[in-house]
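Taking it in order: structure first as structure tokens, then the write-up.
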Amino acid sequence: MAEISASSSFSSLQLPTSFPPPLASETRCDNDLLRYLLRLSHEISLFDVPCPILGRLFSSIARKSKLLAILFDELLQQDNYTAAVELPRPASLCFREILVVLQRFKALLTDCSSRSRMRLILYSDTLANDFHMLALDLSTLLNILPLSDLRLSDDVRDLVDLLHSQCCRARSTVDPDVSNLRREILSIIHEIECEIVPERSRLAAILHNLGLDDTQSCRREVECLEREIGERVSEKWTAAMISLVGVVQYAKCVLYGASTPRSDSSAGKLFFASYDSAGGSQNGGTPPDFRCPISLDLMRDPVVVASGQTFDRESITHWIRSGHATCPSTGQALRHTNLIPNRALKNLISRWCREQNVPFALSAAGEPAVSGGIENKAALEAARMTAAFLVQKLSTSPSTEAANRIVHELRQLAKTQSENRAFIAEAGAVPLLLPFLCSNDSTLQLNAVTTLLNLSIFEPNKRRIMRADGSIDAVIHVMSNGEAWQAKENAATLLLSLSSMHSYRRRIGENHSAVAELVKLVRNGPASTKNDAMAAILSLAGDRKIVPLLVEKGVLEAALDAFAIEEAAEAAAAVIAGMAKRGGTVVVEKLEMEGAVSKLVGVLRRGTDSARDNAAAALVVLCRQSGGGVVAEVASMPGIEKVIRELMGFGTERGRRKAATLGRICRRWVAGGGGEDLNGDHGDGIRPGGGDGL
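Each residue of the sequence shown is one higher than the one before, starting from 134 at the first, in this note's numbering.
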């Protein structure tokens, strides 16, 4: 038999270079082979066209498959589909080769069906060539098929000849309409790069030709494009595909309006590893533990700071160079600014990226090998146009339902990239969002406070929020009268984000209502709410002048009560340690009166690793701030030596260090008969009343 051409460029669409033969049970005789060919040809003829403008190409494949189906059906009919058909040896071999070609047709069609429509247009020349090469292979096989040896009617012979001539006449040229559409798409990208707003009618024509007729289809198209960018399908078109993500998002908003919010229970969180993931993770969204708590982006160089928290190196370096001396997640003072690489987490992130086809390696410039569009001019301008359009729509006093859709769209846009957060705020979104914090619509209220939280990640936006009239009062209203716990949690986390700037920390901390509502959340909220409220309180406690007000409002009692909830014990212990360190003797005495020592030792016995670390740190601070009473109480606890040894032997690095310090303090007190200087040993770098890395 003639050798079939193997030059089809399937690699351009990431198809397999070879296909497995049919199962032995399906091809053990010629009758099974013909049945398999008949079924396969029917499947190919029924494939849906991925977008209208490619209809001519796909219709051609469908017609060829239908003609082949007639041939296979004719051969099976000769024996009433039951008895074994015996084909001449050359014909049988030829049909098996045709089977391989049809399998390749099906694989190519399947791949096209799963791809973004924009990508199919960009790759239209390659796609046309792939189909053309398969048509030539089929033409070769039909040419050598011994029709004279087969019992076929004259009509079927004529149809086979017609199919052969069609395959011979096939050309690899791209349909002129497809070429024009590709030029129009690239023209739109160029105009957006030049900051020219594209005409609505042109956007409508492009999306119509692609079959993107509603917000859902546009959303799916964006998801496909983002997945393909991660797969690094082609260096040639990567920049264009990154631009098209922004173009489709902008066109969707302009033509079809903001998306209807998906019904999900996710909430935007800046800290405590629980981020805004609305609509994100159906296709394998980034795990929260792999995101940087500052930027919310995937960490590619995770490092650990003195507080034990992990951040992306670039984000935490910028934070420290901006003059901050506290941990952005917990508000704890950093004893030093050394950044320790977290290689274990980096390996986990790298493995996850490989599994999800997400670029991880950094280029020489320090950027991901395939960027999500940070430096793509068209993508940036499209995001700017989208933000401006949505904010302008929001300013026209829409109905509650319309406002909810727009705010939800802004929330999604603000989830990623500092540039997006800057564009939204620069367009004037902050003063428009604040009134919705007092809305009676729970979904609108949640979307509004979460959008502000996402915006606050970008530091200049903190100033915009704090300078807006009534901003703090509106956030307090959500905490006190919010329709959902998630909204209250996000309001507390928003205060945490805003208080990361020292000048705003005191302003928020001196607001009695803000502190009172945070304490209520700690007392009455579920575990996640307690954690978020205590994180905000711990940040406020970073200013010593705020501590007396926190004590007055009952922070210590609320934190001690939170020890009863296992999930909240870690945050509660951090609050106790922070308050004791900055509040001095007054706080320590009050904690002694409230039975804090026994509760902290209980966490030391039964808590999680992080909770035990914080409990040990809190006990160290209490021991050093007290006049010996706390040390005596700790030393008299049954089994305390065993607990300390276990933590020193099996705890985290920080836990072992704190346990060792606590053990030394207790031993010196016992050896000195209760009269030794408790602050005499500073081997772990801790000083009385300050510097304790909690």
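Where a beta carbon is used, it is the ideal one built from N, C-alpha and C, also for glycine.
For the beta strand (DSSP E) holding Pro435, just list the boundary residues, first then last.
-> In the sequence shown, the residue the question calls residue 435 occupies position 302. 435–437 is the extent of the beta strand (DSSP E) around Pro435.
Could you tell me which of Ser178, Arg424, Arg454 sits nearest to Thr443, measuring between CA atoms?
-> On the sequence shown, residue 443 is found 310 positions in, with the first residue counted as 1. The shortest C-alpha separation from Thr443 is found at Arg424.
What is the C-beta distance between Ile186 and Phe264, in whole angstroms, given that I count them as a contact (C-beta under 8 Å)?
-> Here residue 186 refers to the residue found at position 53 when the sequence shown is read from its first residue. Here residue 264 refers to the residue found at position 131 when the sequence shown is read from its first residue. With 8 Å as the limit, Ile186 and Phe264 do not qualify as a contact, their Cβ atoms being about 15 Å apart.
Buried or exposed: which applies to Val330, given that a residue is buried once 16 or more other Cβ atoms fall within 10 Å of its Cβ?
-> Taking the sequence shown and counting its residues from 1, one reaches residue 330 at position 197. When all chains shown are included, Val330 counts as exposed.
Could you tell me which of Ala660, Asn594, Tyr637 sits nearest to Lys621, measuring between CA atoms?
-> Here residue 621 refers to the residue found at position 488 of the sequence shown. The shortest Cα separation from Lys621 among Ala660, Asn594, Tyr637 belongs to Ala660.
Would Thr626 pass as a contact of Asp665 if the rule is Cβ separation under 8 Å?
-> Here residue 626 corresponds to residue number 493 of the sequence shown, with the count starting at 1. Here residue 665 corresponds to residue number 532 of the sequence shown, with the count starting at 1. Yes; because the gap between Cβ atoms is below 8 Å, this pair is in contact.
Identify every residue that forms a DSSP beta bridge with Thr626.
-> Against the sequence shown, residue 626 aligns to sequence position 493. DSSP output for Thr626 lists no bridge partner at all.
Only counting runs of 4 or more residues, tell me where the alpha helix (DSSP H) segments fall wholly within the stretch 578–665, in order along the chain.
-> Considered as a whole, the stretch 578–665 harbours 592–600, 604–614, 618–631, 635–642, 645–657 as its complete alpha helix (DSSP H) runs of no fewer than 4 residues, in chain order.
Identify, in the order they occur along the chain, each residue of the same chain with its Cβ nearer than 6 Å to the Cβ of Leu201, setting aside the five sequence neighbours on each side.
-> Here residue 201 refers to the residue found at position 68 of the sequence shown. Contacts found: Ser174.
Taking only runs of the alpha helix (DSSP H) that begin and end inside the stretch 683–716, which ones reach a length of at least 4 residues, in chain order?
-> Whole alpha helix (DSSP H) segments, 4+ residues: 688–695, 702–716.
Could you tell me whether the Cβ atoms of Pro461 and Ile482 are closer together than 8 Å?
-> What you label residue 461 is simply residue 328 of the sequence shown in a count that begins at 1. What you label residue 482 is simply residue 349 of the sequence shown in a count that begins at 1. Not a contact, by the Cβ cut-off of 8 Å.
Within the same chain, show all residues whose beta-carbon is closer than 6 Å to that of Val307, passing over the 5 residues directly before and after it, in chain order.
-> Working through the sequence shown from its first residue, we reach residue 307 at position 174. These residues qualify, in order along the chain: Ser257, Asp258, Ala261.
With DSSP run on the structure shown, which of helix, strand or coil describes Leu204?
-> Numbered from 1 along the sequence shown, position 71 holds the residue referred to as residue 204. Leu204 falls in the helix class under three-state DSSP.
What first and last residue would you give for the alpha helix (DSSP H) that runs through Asp165?
-> Sequence index remark: in the sequence shown, residue 165 carries index 32 (1-based). That run of the alpha helix (DSSP H) goes 163–178.
Ignore the nearest five residues each way along the sequence and tell me which others in Ile449's own chain have a CB closer than 7 Å to its CB.
-> In the sequence shown, counting from the first residue as 1, residue 449 sits at position 316. Contacts found: Ile427, Val436, Val438, Leu472.
Apply the 10 Å Cβ neighbour rule to Thr794 and answer buried if 16 or more other Cβ atoms are within range, or exposed otherwise.
-> On the sequence shown, residue 794 is found 661 positions in, with the first residue counted as 1. Thr794 comes out buried.
Using three-state DSSP, classify Ile362 as helix, strand or coil.
-> On the sequence shown, residue 362 is found 229 positions in, with the first residue counted as 1. In this structure, Ile362 counts as helix in the three-state DSSP scheme.
Which stretch, first to last residue, makes up the alpha helix (DSSP H) that contains Thr306?
-> In the sequence shown, residue 306 corresponds to position 173, counting from 1. In the DSSP assignment, Thr306 falls outside any alpha helix (DSSP H), carrying neither H nor E.
Given that a residue counts as buried once 16 or more other Cβ atoms are within 10 Å of its Cβ, and exposed if not, what is Glu650?
-> Taking the sequence shown and counting its residues from 1, one reaches residue 650 at position 517. Answer is buried; the Cβ neighbour count reaches 16.
Under a three-way DSSP split, which group does Asp445 fall into?
-> The residue labelled residue 445 in the question sits at position 312 within the sequence shown. Of the three classes helix, strand and coil, the one that applies to Asp445 here is strand, per DSSP.
Pick helix, strand or coil for Leu253, following the three-state DSSP scheme.
-> For this step, residue 253 is matched to residue 120 along the sequence shown. Three-state result, Leu253: helix.
Taking the alpha-carbon positions, what's the Leu671 to Gly711 distance?
-> Walking along the sequence shown from the start, residue 671 turns up at place 538. Walking along the sequence shown from the start, residue 711 turns up at place 578. Cα atoms of Leu671 and Gly711: separation of roughly 7 Å, rounded to the nearest angstrom.
Does DSSP classify Ala674 as helix, strand or coil?
-> As a first step, residue 674 is located in the sequence shown; it is residue number 541 there, counting from the start. In the three-state reduction of the DSSP assignment, Ala674 falls in the coil class.
Alpha-carbon spacing of Tyr383 relative to Leu543, whole angstroms | Walking along the sequence shown from the start, residue 383 turns up at place 250. Walking along the sequence shown from the start, residue 543 turns up at place 410. Approximately 12 Å, taken between the alpha carbons.
With DSSP run on the structure shown, which of helix, strand or coil describes Ile329?
-> Sequence index remark: in the sequence shown, residue 329 carries index 196 (1-based). DSSP places Ile329 in the coil class of the three-state scheme, outside both helix and strand.
Short check: CB of Leu171 to CB of Leu209, under 8 Å?
-> Walking along the sequence shown from the start, residue 171 turns up at place 38. Walking along the sequence shown from the start, residue 209 turns up at place 76. Yes, they are a contact pair.
For Ala512, which of Val655, Arg596, Ala750, Val355 has the nearest alpha-carbon?
-> As a position in the sequence shown, residue 512 is number 379, starting the count at 1. Comparing Cα positions, the closest option is Val355.
Can you name the start and end residues of the alpha helix (DSSP H) that His541 belongs to?
-> Translated into positions along the sequence shown, residue 541 becomes position 408. The continuous alpha helix (DSSP H) containing His541 extends over residues 533–547.
Length of the line joining the Cα atoms of Arg126 and Glu690 = Residue coverage of the chain in this structure runs from 134 to 827, which leaves residue 126 outside it and unanswerable.
Contact the stretch 275–293 vs the stretch 245–254: 3+ CB pairs below 8 Å | Touching, no.
For Leu546 and Asn537, believed in contact at Cβ under 8 Å, the rounded distance | Within the sequence shown, numbered from 1, the residue matching residue 537 stands at position 404. Within the sequence shown, numbered from 1, the residue matching residue 546 stands at position 413. Contact flag wrong, Cβ pair sits at about 15 Å.
Assign Glu514 to buried or exposed, taking buried as 16 or more other Cβ atoms, counted over all protein chains shown, within 10 Å of its Cβ.
-> Here residue 514 is taken as the residue at index 381 of the sequence shown, counted from 1. Under this definition Glu514 is a buried residue.
Option nearest Gly740 by Cα separation, candidates Ile698, Ala391, Cys799, Ala768 = Residue 740 sits at position 607 when you count from the first residue of the sequence shown. Nearest neighbour of Gly740 by Cα position, chosen from Ile698, Ala391, Cys799, Ala768, turns out to be Ile698.
Measure the beta-carbon distance from Val648 to Lys686 and round it to whole angstroms, keeping in mind my assumption that it falls under 8 Å.
-> As a position in the sequence shown, residue 648 is number 515, starting the count at 1. As a position in the sequence shown, residue 686 is number 553, starting the count at 1. Confirmed, Cβ separation roughly 5 Å.
Drop a sphere of 10 angstroms on the beta-carbon of Ala303, count the other beta-carbons inside from all chains shown, and report buried for 16 or more, exposed for fewer.
-> Working through the sequence shown from its first residue, we reach residue 303 at position 170. The residue in question, Ala303, is buried, as its Cβ has 16 or more Cβ neighbours within 10 Å.
Closest Cα partner of Arg229 within the set Met266, Leu271, Met251 = Indexing the sequence shown from 1 puts residue 229 at position 96. Out of Met266, Leu271, Met251, Leu271 has the C-alpha closest to the C-alpha of Arg229.
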